[in-house]
Amino acid sequence: MCGRYFLDTLPELLAGQFRVHKYPVYSASYNIAPTQPALIVRRHDDDNEWAWVRWGLVPHWAKDASIGAKMINARGETVAEKPAFRGAFRYRRCIVPASGFYEWRTQAGGKQPFAIVPTDAACFGFAGLWEHWTAPDGSVLETSSVLTTSPNELMATIHDRMPVILDPTDYQTWMQATPTDASALIRPFPAERMRAYAVNKAVGNVRNNSVELTAPIESIG
0 MCGRYFLDTL
10 PELLAGQFRV
20 HKYPVYSASY
30 NIAPTQPALI
40 VRRHDDDNEW
50 AWVRWGLVPH
60 WAKDASIGAK
70 MINARGETVA
80 EKPAFRGAFR
90 YRRCIVPASG
100 FYEWRTQAGG
110 KQPFAIVPTD
120 AACFGFAGLW
130 EHWTAPDGSV
140 LETSSVLTTS
150 PNELMATIHD
160 RMPVILDPTD
170 YQTWMQATPT
180 DASALIRPFP
190 AERMRAYAVN
200 KAVGNVRNNS
210 VELTAPIESI
220 G
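In this text, residue positions in the sequence shown follow numbering that gives the first Met the number 0: the first is 0, and each later residue adds one.
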């Protein structure tokens with residue numbers, strides 16, 4: 000799964016990588032967790048735009064928004080069929096920028112968190128979905144989910160799943176193409192284009208949010 004990530008890439012680099020005319024307005028966050036605001040890229044009026052949504056997809060048919068906390072990830076293998084995700088997969092695909100993400104490896108002495116970062120780009124672009132849900136009072140909540148897939152060789156040493164990471168040349172295809180063409184992009188990202196290193200266990204507490212959380216202890220790739 001993908002349950003924690005960080006974003007501290009310069010706005011101008013984000014705008015260039017994701018082909019958005021405007022710079023995103025945001026503050027760096029080093030411990031983005033489920034139900035927190037998430038910056039996404041989506042299509043609007045034939046162009047790419049930034050949007051802030053809540054991480055944890057709430058299907059349009061949900062009785063209340065609490066279900067979103069369980070919908071932070073969508074398995075790539077079943078996303079086209081699952082009732083909670085199939086509508087968004089067909090019509091509302093997005094990209095979630097991430098300078099890196101965290102994953103925990105179970106080992107002697109407990110779980111050790113690792114940060115995973117790109118080696119050839121300013122940040123990753125996770126394949127995502129977004130949805131809108133109307134509350135009983137008429138207010139609208141927009142939410143998102145990150146797709147996951149089987150791990151590449153590097154990630155397999157840490158966890159049995161990883162986020163679906165898109166090559167920049169596939170960004171527009173993911174957001175605009177048919178579901179069939181988009182499905183072809185649900186695959187492990189090349190291991191040689193990322194590296195992983197152990198980080199402080201303080202990242203496990205969502206209240207912690209400082210650049211020190213991303214500091215390496217040791218590298219494994």
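C-beta atoms are modelled at their ideal positions from N, C-alpha and C, and glycine is treated no differently.
Source: prediction; values computed, not measured.
S98 carries a coil assignment under DSSP once its states are collapsed to helix, strand and coil.
Excluding residues up to 5 positions away in sequence, Y101, P112, F113, A114, L212, T213, A214, P215, I216 lie with their Cβ nearer than 8 Å to the Cβ of V198 in the same chain. Between I157 and V95, the CB-CB gap reaches or exceeds 9 Å. Distance from the CA atom of G2 to the CA atom of A32, rounded to whole angstroms, is 6 Å.
Using a C-beta cut-off of 8 Å, the segment 167-186 makes no contact with the segment 133-140, since fewer than three inter-stretch Cβ pairs fall below that distance. Between A155 and G75, the alpha-carbon positions lie close to 17 Å from each other. Ranked by Cα distance from F188, the first of N208, V145, P117, N207 is P117. Taking 8 Å as the upper bound for CB-CB distance, V57 and I66 are in contact here, some 6 Å apart. Within 10 angstroms of the beta-carbon of V145 lie 16 or more other beta-carbons, which makes it buried.
In this structure, the alpha-carbon of V24 lies about 24 Å from that of V202.
For L146, the enclosing beta strand (DSSP E) covers residues 139-148. Rounded to the nearest angstrom, the gap between the Cα atoms of K110 and D46 is 42 Å. Beta-bridge partners assigned by DSSP to M193: P117.
Beta-bridge annotation (DSSP): M161 is paired with T148. G108 counts as exposed, since fewer than 16 other C-beta atoms from the protein chains shown sit within 10 angstroms of its C-beta.
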